[in-house]
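S.K.:
In this note's numbering, the protein residues as written are 1 to 430.
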């Protein structure tokens with residue numbers, strides 16, 4: 001079915017923050033949301049109200065959403081980390097391009113099972129590595145192509161998660177437990193690994209990693225702290241009232257407030273703080289995500305890279321220092337500051353471009369709108385790059401899972417030692 005003249009018809013699987021955000025961007029670009037699967041009735045109805053129509057097909061789960069070949073032009077899968085494989089396999093036979101939220105799966109074994117299950121005739125699958133599409137990424141690659149940096153030797157990359165963002169997502173929120181979410185480097189930084197590997201463009205041959213859950217533990221709980229912030233008199237930077245309620249009272253219901261409510265009312269925020277995980281003390285102790293993790297990568301060409309993911313920062317854009325043989329580049333979402341070794345002068349190159357989001361200003365450095373545009377373009381005009389995108393994402397995921405394996409073992413790990421297939425299909429390479 002061609003989407004050229006009437007806007008592509010899309011199904012959205014998962015109507016949480018990411019699914020709703022992608023749907024809004026796609027609808028704004030002319031797409032029509034004709035099917036939605038989401039267990040939360042209110043979130044499903046919100047997406048249909050703002051992005052769909054009265055005829056939008058809906059279901060409480062992806063397994064019962066009926067779709068046949070020709071019903072849609074594309075499928076967006078934005079379920080939780082542990083629910084990516086099933087819907088991807090179910091809707092792949094429709095033969096339409098798919099946008100799959102990162103990470104591909106919670107484990108490398110599940111990634112391999114998905115690859116085997118898809119077979120060789122899989123439709124194009126774009127993994128939501130939004131950093132690839134950020135304006136500053138395009139700028140940096142153009143500078144490299146022009147020879148401004150010379151040969152890249154080292155990349156030093158910081159992901160400043162932000163103290164309250166970490167508390168929201170990885171202590172109180174959906175990613176608080178590795179029982180249902182992927183490990184931290186996979187869940188939070190797989191697109192950072194992808195970004196660095198795209199930058200260096202060489203095979204990664206060794207990784208190491210260390211991590212700790214140093215602060216968000218029962219031992220850090222202040223004496224006299226209550227189980228819920230609404231009942232607590234302790235002065236605490238993680239007080240849910242300041243993160244959500246005060247923000248809502250100022251009239252701001254954007255993320256993270258929108259993640260805990262459906263209707264934009266302070267009464268619903270109060271209810272969430274009274275009754276959901278988002279009002280709990282951050283020191284209750286049922287979370288197991290590390291609050292700090294570092295990783296080192298060695299590439300076949302001798303290049304090196306380091307990645308630091310830290311909860312204990314201001315929420316701001318990623319900061320990357322790229323060391324080349326001719327110049328050093330300091331990269332943020334605002335642009336690239338280039339220090340030339342020849343002139344010993346600095347110049348700043350602004351990362352012009354369309355802002356993201358509707359999702360969150362810090363998410364992906366403004367890359368989510370460009371990602372959705374790229375996905376819609378793949379629907380209208382399929383490309384070889386689109387066909388190859390999933391295999392490329394698997395290669396960078398393999399390195400990310402190797403980082404977590406190195407952390408667990410306390411050893412240096414060669415990503416190439418991770419199995420490239422599973423027992424049911426040993427001949428199929430990932």
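Note that beta-carbon positions come from the ideal geometry of N, C-alpha and C, so glycine has one too.
(1) Put residue 216 into one of helix, strand or coil per three-state DSSP.
(2) Going by C-alpha to C-alpha distance, which of 407, 413, 399 sits closest to residue 192?
(3) Buried or exposed: which applies to residue 357, given that a residue is buried once 16 or more other Cβ atoms fall within 10 Å of its Cβ?
(4) Please identify the residue among 340, 52, 378, 293 whose C-alpha is closest to the C-alpha of residue 190.
(5) Buried or exposed for residue 339, please, with buried defined as at least 16 other CB atoms from any protein chain shown within 10 angstroms of its CB.
(6) Under the three-state reduction of DSSP, which class applies to residue 157: helix, strand or coil?
(7) Would you identify the three-state DSSP class for residue 377, choosing helix, strand or coil?
(8) Going by CA-CA distance only, name the one from 87, 385, 344, 187 that's closest to residue 12.
(9) Residue 144 to residue 291, Cα distance in whole Å?
(10) Using 8 Å as the Cβ pair cut-off and three pairs as the minimum, do the region 321-335 and the region 202-210 touch?
(11) Which same chain residues end up closer than 8 Å to residue 215 when comparing Cβ atoms and leaving out the 5 residues on each side of it in sequence?
(12) Identify every run of the alpha helix (DSSP H) within the region 93-129, keeping only runs that are complete inside it and at least 4 residues long; order them along the chain.
(13) Can you give me the Cβ contacts of residue 194 inside the same chain, cut-off strictly under 6 Å, excluding the 5 residues immediately before and after it?
(14) Under 8 Å, do residue 125 and residue 341 count as touching if we go by C-beta distance?
(15) Please report the distance separating the alpha-carbon of residue 84 from that of residue 249.
(16) Can you give me the C-alpha to C-alpha distance between residue 4 and residue 380, rounded to a whole angstrom?
(17) In the DSSP assignment, the alpha helix (DSSP H) including residue 24 goes from what residue to what residue?
(18) Give the C-beta separation of residue 116 and residue 94 to the nearest angstrom, bearing in mind that I take them to be a contact with Cβ-Cβ under 8 Å.
(19) Where do the ends of the alpha helix (DSSP H) carrying residue 198 lie?
(20) For residue 180, does the three-state DSSP call read helix, strand or coil?
(21) Just the C-alpha distance for residue 127 and residue 62, rounded to the nearest angstrom, thanks.
(22) In the DSSP output, what is residue 58 paired with across the bridge?
(23) Do you know how far the Cα of residue 72 is from the Cα of residue 10?
(24) From this set, 372, 346, 303, 107, which residue's C-alpha is nearest residue 18's C-alpha?
(25) Apply the 10 Å Cβ neighbour rule to residue 50 and answer buried if 16 or more other Cβ atoms are within range, or exposed otherwise.
(26) Got a sec? Which residues, its chain only, sit under 8 Å from residue 177 by beta carbon, not counting five neighbours each side?
M.R.: Taking the definition as stated:
(1) coil
(2) 399
(3) Residue confidence is low: residue 357 scores 33 on pLDDT, short of 50, so the model does not pin down where it sits. Its coordinate-derived value is still stated next. Buried, because 16 or more other Cβ atoms sit within 10 Å of the Cβ of residue 357.
(4) 293
(5) exposed
(6) strand
(7) helix
(8) 87
(9) 33 Å
(10) no
(11) 291, 311, 312
(12) 108-118
(13) 129, 396
(14) no
(15) 36 Å
(16) With a pLDDT of 47 at residue 4, under the threshold of 50, the modelled position of that residue is not reliable, and the figure given next carries that caveat. Approximately 6 Å between the Cα atoms of the pair.
(17) 17-28
(18) 19 Å between Cβ atoms; not a contact.
(19) 184-200
(20) coil
(21) 19 Å
(22) 36
(23) 6 Å
(24) 372
(25) exposed
(26) 286, 287, 288, 289
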